[in-house]
Every structure is written in structure tokens, then in C-alpha cells.
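Written below as C-alpha cells is the structure these notes are about.
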Ligand SMILES: *Cc1c(COP(=O)(O)O)cnc(C)c1O
């Protein structure tokens with residue numbers, strides 16, 4: 102009998118199929134502009150650096166507010182280059198949150214420095230400034246706050262602690278281009294900011310790409326050298342660098358998409374507001390905690406992440422209804438095998454660990470239709486018996 106009731110309940114919510122992120126829908130709106138940019142680069146046969154890269158570096162300043170912008174091959178490389186510019190290496194410690202994409206801490210370990218994990222705030226999912234100072238030692242060389250899901254970390258207290266101890270701050274802004282903190286664009290607050298143009302980021306290329314921002318001319322100069330083998334002029338090597346350039350093709354495509362970024366961010370915000378309104382109408386706000394954008398913050402919603410202790414059951418229920426969701430992130434970095442040598446155990450970063458079992462991201466991209474958002478919320482209401 103109970104299975105019959107379940108069937109009726111499920112079929113009362115019409116099944117709707119749509120992707121978690123629909124890059125094809127976005128491309129359809131800019132197809133001609135993108136194709137003409139691609140043709141322009143192909144006709145020029147300039148693929149490495151060149152005018153498209155410098156033009157993009159110039160134009161992206163409108164979003165980052167930083168004085169210098171240095172394109173590179175990926176967001177992960179941006180973090181690596183930023184740490185290399187600070188000469189981070191063996192014996193150094195760098196503080197980062199463990200509830201983030203692997204590259205945040207991987208870049209530290211890759212340079213044989215030690216990632217020191219500091220826990221997050223339960224509401225914003227970002228580095229908790231109150232947990233930061235206790236992690237600082239004589240070896241601490243830098244702090245990497247992450248602006249997770251498109252919301253800025255609480256930068257004022259983080260910067261105050263960093264200044265007090267004379268430690269550099271690298272903003273991991275991979276998910277947060279256009280996001281603001283008390284009127285300042287992310288990437289313009291710390292010593293350097295790191296951006297990613299991975300296709301699923303708010304400004305996504307047709308492949309990998311990244312960028313570093315800084316207001317420090319000496320760091321900017323160093324970063325420009327480090328991304329081309331440590332070379333200022335051909336076959337002379339001042340530093341041990343790497344090959345990490347932004348492709349001309351990517352730069353040309355990103356220039357097209359940059360023009361639409363504010364409009365797309367507004368679309369994401371509109372969708373977030375609709376989710377909140379519908380959660381309220383269905384009396385779901387006590388059951389699923391929607392993301393917050395504290396006063397003075399501009400959230401750009403790379404993800405719209407709710408939390409609930411029933412996360413896995415809710416995800417399965419929505420999946421049966423054809424509603425796509427994703428889990429960012431199912432495992433904290435301090436408990437991953439790749440970081441096993443640090444000797445962490447469950448309980449070391451309790452808020453991060455709790456978020457990893459409770460957080461669930463819902464579709465949020467600009468091109469989502471109102472009925473699709475309604476279907477998501479109806480599915481959640483159905484799960485809680487509040488349809
Ligand atoms: C995507 C991402 C990166 C890495 O960027 P890639 O371009 O994929 O290398 C780093 N940090 C965070 C928080 C990210 O989301």
C-alpha cells in the first residue's frame with residue numbers, strides 16, 4: 102500500500118528533465134559573437150599571448166578592480182604562480198580552509214610547503230576569521246581565503262590578522278568573479294587574487310584558463326616572468342618558472358563572454374531570489390537553509406547551496422523526479438588520501454566536515470526557466486511532505 106501512495110505522490114509532481122548546468126543554452130545566445138572571435142584568432146594565426154591576451158587582461162580589470170592582471174593556464178596554476186611569487190617552499194606553512202576544491206591546498210603541497218587547515222564558518226562556508234589566528238606559527242607564509250560558491254570571505258578581519266603577523270593573503274576567487282565585499286571587488290583585497298575560467302565558472306572559457314590579480318607592481322612583474330619559464334627576454338632565465346599562459350583563443354572567447362557577465366550574474370541573483378521566495382511560500386526555510394548574502398556582500402552564485410541533515414535522501418528523491426543537484430564538496434581536503442601525511446582525523450575541522458555531509462547545490466544558471474526552479478522547489482516540498 103505504501104508503495105502505491107509513493108507512486109501517486111511522485112507522479113503528482115510532473116517529471117521534468119534538465120541539466121544541472123546548461124552551457125549549450127548559454128552558447129546559443131552568443132554563438133555568432135564567439136564564432137567570429139574564434140575566426141579572428143584563426144585568421145591571425147597568433148595563438149600564444151599576443152593582442153587578444155593583453156586586451157582581455159585590460160578589459161577584465163572592470164570586474165576585478167585590481168591594477169595588474171596576469172593571464173595564465175588555469176585557476177590551479179594561478180594559485181601555484183601566486184605562491185611561487187611569494188617564494189613559498191619547503192618548511193613554509195600556508196593556511197587554507199579544507200571545504201573547497203582540491204587546488205586550493207594542492208597548490209601549497211605541490212611546492213612542498215605544508216597546508217594548514219583552518220575551519221569554516223557554518224553559515225557562509227568561508228574561512229572563519231575566529232579560527233585563523235590560532236593556526237599562525239613562525240613558519241606561516243600566506244593565508245588563502247576562498248570566496249566559496251561566489252560569496253566573499255570575511256576579508257576585513259582576515260586582512261587585519263595577516264597585517265598584524267606580516268603574512269601575505271592570496272584570495273582564491275576561482276568561483277567568485279564579480280563578487281564584492283564592502284564595495285571592493287574580490288581579487289583586489291589581498292596581495293594577489295586567483296581566478297579560474299574553467300567552463301563551469303561564472304566566466305568560463307572553452308577549456309582551461311586562469312588569471313592572477315595584484316596591486317603590487319613588483320609581484321605583477323614577477324608573475325609575468327614566472328608564467329613564461331622565468332624569462333624576461335628570450336632564452337634568459339631570471340627565475341625558475343613554468344609554462345602557464347592563457348591561450349589567445351581562450352582570451353578571445355573570454356572577451357566576448359566578459360561583456361555578458363554582469364547580465365548573467367543578475368540572472369543568477371534573480372533565480373536565487375525566486376528560490377528563496379518559493380522556499381518561504383512552501384514553509385521550507387526551517388528545513389533547508391538557503392545561502393546567505395550578508396549586508397555589504399555581493400554574492401554571484403557560482404553555486405546556490407542549501408543545507409540539510411537529510412542531504413543524501415533529499416538528493417536521491419530529487420534524482421527520481423529528474424531534478425539535477427550536485428554535492429560540493431562530499432569530502433573535506435584534510436581527510437583526503439592525498440593529504441594523509443598531514444595526519445588529520447575526523448573532528449579536526451568540525452564545521453567543514455558537517456558541511457560536507459549537509460550541503461547540496463541546486464541548479465542556478467541564468468538560462469533556467471521559472472518552471473524549472475518551481476519543479477526543484479516542488480520536489481523538495483514533496484520530499485518533506487509540504488507540497
Ligand atoms: C575551480 C577552482 C580552482 C581551480 O581552477 P581550475 O581552473 O579548474 O584549475 C581553484 N579553487 C577553487 C575554489 C575552484 O573552484
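In our numbering, the protein residues as written are 102 to 488.
Every residue, glycine too, gets a C-beta built ideally from N, C-alpha and C.
Does the Cβ of residue i have 16 or more other Cβ atoms within 10 Å, making it buried, or fewer, making it exposed?
i	result
residue 306	buried
residue 188	exposed
residue 484	buried
residue 471	exposed
residue 372	buried
residue 369	buried
residue 261	exposed
residue 436	buried
residue 341	exposed
residue 264	exposed
residue 310	buried
residue 146	exposed
residue 336	exposed
residue 476	buried
residue 442	exposed
Spell out the partners DSSP gives residue i in its beta bridges.
i	result
residue 172	312
residue 390	408
residue 294	272 and 314
residue 286	281
residue 215	194
residue 231	In DSSP, residue 231 forms no bridge with anything.
residue 243	195 and 269
residue 337	334
residue 344	329
residue 221	228
residue 399	281
residue 463	405
residue 149	348
Quick one: what's got a C-beta closer than 6 Å to residue i's C-beta in the same chain, skipping five residues either side?
i	result
residue 314	165, 167, 170, 288 and 294
residue 379	478
residue 217	194, 196 and 236
residue 63	Outside the shown range of the chain, which is 102 to 488, sits residue 63, and nothing can be said about it.
residue 469	372
residue 375	474
residue 172	154, 158, 312 and 347
residue 266	237
residue 412	459 and 461
residue 316	167 and 168
residue 397	283
residue 177	204
Closer than 8 Å: is that where the CB of residue i sits relative to any heavy atom of ligand 2?
i	result
residue 247	In terms of ligand content, the structure shown lacks ligand 2 and carries ligand 1 instead.
So residue i and residue j are supposed to be a Cβ contact under 8 Å. How far apart are they, rounded?
i	j	result
residue 199	residue 434	4 Å
residue 270	residue 259	6 Å
residue 278	residue 304	5 Å
residue 280	residue 381	About 24 Å; that fails the 8 Å criterion.
residue 179	residue 296	6 Å
residue 572	residue 232	As displayed, the chain neither begins before 102 nor continues past 488, which places residue 572 out of reach and without an answer.
residue 320	residue 292	7 Å
Can you list, in chain order, the residues of its chain whose CB lies under 7 Å from that of residue i, leaving out five sequence neighbours each side?
i	result
residue 383	478, 482 and 487
residue 149	346 and 349
residue 503	Absent from the structure is residue 503, since the part of the chain shown begins at 102 and ends at 488.
residue 427	121 and 462
residue 454	433 and 447
residue 190	212, 213 and 214
residue 162	170
residue 393	224 and 225
residue 290	256, 260, 272 and 282
residue 239	none
residue 386	380
Closer than 9 Å, CB to CB, is residue i near chain D or not?
i	result
residue 131	Absent from the structure is chain D; it holds one protein chain and no more.
With a threshold of 8 Å on Cβ separation, who are the neighbours of residue i within its own chain once the five nearest residues in sequence on each side are excluded?
i	result
residue 440	206, 210, 216 and 434
residue 300	124, 306, 307 and 308
residue 356	138, 153, 156, 157 and 160
residue 322	none
residue 201	247, 249, 273, 430 and 434
residue 354	135, 138, 139, 306 and 307
residue 409	388, 389, 390, 415, 459 and 461
residue 480	114, 418, 419, 422 and 424
residue 203	434, 437 and 439
Notebook entry, point to check: Any contact of the stretch 314-332 with the stretch 206-223, i.e. 3+ C-beta pairs under 8 Å?
Noted result: no
Note to self: Quick test of the definition: if touching needs 3 or more C-beta pairs under 8 Å, does the stretch 241-258 touch the stretch 398-412?
What the structure shows: yes
Note to self: Whether or not the stretch 148-159 and the stretch 181-197 are in contact is what I'm after, with contact meaning three or more pairs of Cβ atoms, one per stretch, closer than 8 Å; do they touch?
What the structure shows: no
Check: Should the stretch 178-191 be called in touch with the stretch 237-244, which here means at least 3 C-beta pairs below 8 Å?
Finding: yes
Checklist line | Stretch-stretch touch, CB-based, cutoff 8 Å, three pairs: the stretch 342-351 with the stretch 141-148 | finding: yes
Next item on the list: Would you check if the stretch 253-266 and the stretch 124-138 touch, i.e. whether three or more CB-CB distances between them fall below 8 Å?
Entry: no
Notebook entry, point to check: Taking three-plus beta-carbon pairs below 8 Å as touching, is the stretch 453-473 in contact with the stretch 115-127?
Noted result: yes
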